[in-house]
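Read through the structure below, which is laid out as structure tokens, and then see the notes.
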Amino acid sequence: MEVLPLLNSSTILLLILGLLSLALIYYSFIYKPHQYFKQHGIPGPTPKPIIGNLDLLKKYQLSLPKFFNAAFKDYGSTFGMYFGLKGFIVTKDLDLLKLITVKHSDNFIDRSERDGILNIVVKGKQYSSLFDSRGEEWKERRRILTPAFSGHKMKLMEPLIMESTRRLVKKIAGYAE
């Protein structure tokens with residue numbers, strides 16, 4: 002059986018269109034998403050197609066703290082990385098964290114997809130925590146909780162926190178002996 006008769010002009014055209022489609026899909030859904038941080042001047046490790054920076058976890062024995070410490074040394078206090086195709090910005094810049102979590106918190110709702118990691122079940126009914134809340138539910142919970150963590154209220158709670166900490170340390174020391 003000869004291969005050449007199968008390669009007529011319409012077959013070649015379909016082959017070229019198929020290859021171009023695959024290249025476009027690769028560019029649009031795999032390559033381009035990994036260029037976001039680079040395009041916006043955010044430093045970080047160069048991601049690999051599909052897996053992003055997951056290979057670096059193997060390099061650091063699956064230890065995120067080891068990876069983050071090395072990345073902070075290499076890229077500074079704020080950097081971008083990818084787990085698969087999903088990008089994350091990692092920072093230890095307290096001013097940036099305050100800006101995001103306090104001053105511009107309304108712009109950062111629904112940013113993470115967690116499948117109910119911190120849900121609470123009481124008497125068979127499931128409640129989501131502030132971390133797992135979305136949209137208006139998150140805004141309402143944040144509005145209710147924010148006054149409880151003002152500077153003045155935190156100062157009032159300090160003696161209770163210190164006493165609880167002392168008791169915890171004493172109890173742990175008892176187990177250690």
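Read the sequence shown against this note's numbering and you will find it ends at 178, with the numbers running on by one and no gaps.
Every residue, glycine too, gets a C-beta built ideally from N, C-alpha and C.
Run of the beta strand (DSSP E) containing Lys93, from where it starts to where it stops: Translated into positions along the sequence shown, residue 93 becomes position 92. No beta strand (DSSP E) contains Lys93, which DSSP labels as neither H nor E.
Pair within 8 Å by beta-carbon distance, Pro44 and Phe80: Against the sequence shown, residue 44 aligns to sequence position 43. Against the sequence shown, residue 80 aligns to sequence position 79. The answer is yes: Cβ separation under 8 Å.
Beta strand (DSSP E) segment containing Thr47, residue limits: As a working note, residue 47 is residue 46 in the sequence shown. Note, Thr47: premise wrong, no beta strand (DSSP E); not H, not E.
Bounding residues of the beta strand (DSSP E) (the contiguous stretch that carries Tyr76): In the sequence shown, the residue the question calls residue 76 occupies position 75. Unbroken run through Tyr76 is the alpha helix (DSSP H), Leu65 to Tyr76; no beta strand (DSSP E).
Beta carbon of Leu57 nearer than 8 Å to that of Pro46: In the sequence shown, residue 57 corresponds to position 56, counting from 1. In the sequence shown, residue 46 corresponds to position 45, counting from 1. Yes, the pair counts as a contact, with Cβ atoms nearer than the cut-off.
Contact set for Ser134: own chain, Cβ-Cβ below 7 Å, skip 5 residues either direction: Stepping through the sequence shown from its first residue, residue 134 is reached at position 133. The beta carbon of Ser134 sits closer than 7 Å to those of Arg142, all from its chain and outside the five residues before and after it, given in chain order.
Inter-residue Cα distance where the pair is Lys184 and Ile31: Here the chain covers residues 2 to 178 and nothing more, so residue 184 does not appear.
Assigned secondary structure, Gly42 (DSSP; H/G/I helix, E/B strand, else coil): Here residue 42 is taken as the residue at index 41 of the sequence shown, counted from 1. In this structure, Gly42 counts as coil in the three-state DSSP scheme.
Helix, strand or coil at Tyr83 [DSSP, three-state]: As a first step, residue 83 is located in the sequence shown; it is residue number 82 there, counting from the start. Tyr83 falls in the strand class under three-state DSSP.
CB of Ser78 within 8 Å of CB of Lys93, strictly: Here residue 78 refers to the residue found at position 77 of the sequence shown. Here residue 93 refers to the residue found at position 92 of the sequence shown. Against a cut-off of 8 Å, the Cβ pair of Lys93 and Ser78 comes out as a contact.
Cα-Cα separation between Leu8 and Ala24, rounded to whole angstroms: Residue 8 sits at position 7 when you count from the first residue of the sequence shown. Residue 24 sits at position 23 when you count from the first residue of the sequence shown. Rounded to the nearest angstrom, the two C-alpha atoms are 22 Å apart.
Rounded straight-line distance, which links the Cα of Glu138 to that of Arg144: Taking the first residue of the sequence shown as position 1, residue 144 is located at position 143. Taking the first residue of the sequence shown as position 1, residue 138 is located at position 137. Taking the straight line joining both Cα atoms gives about 10 Å.
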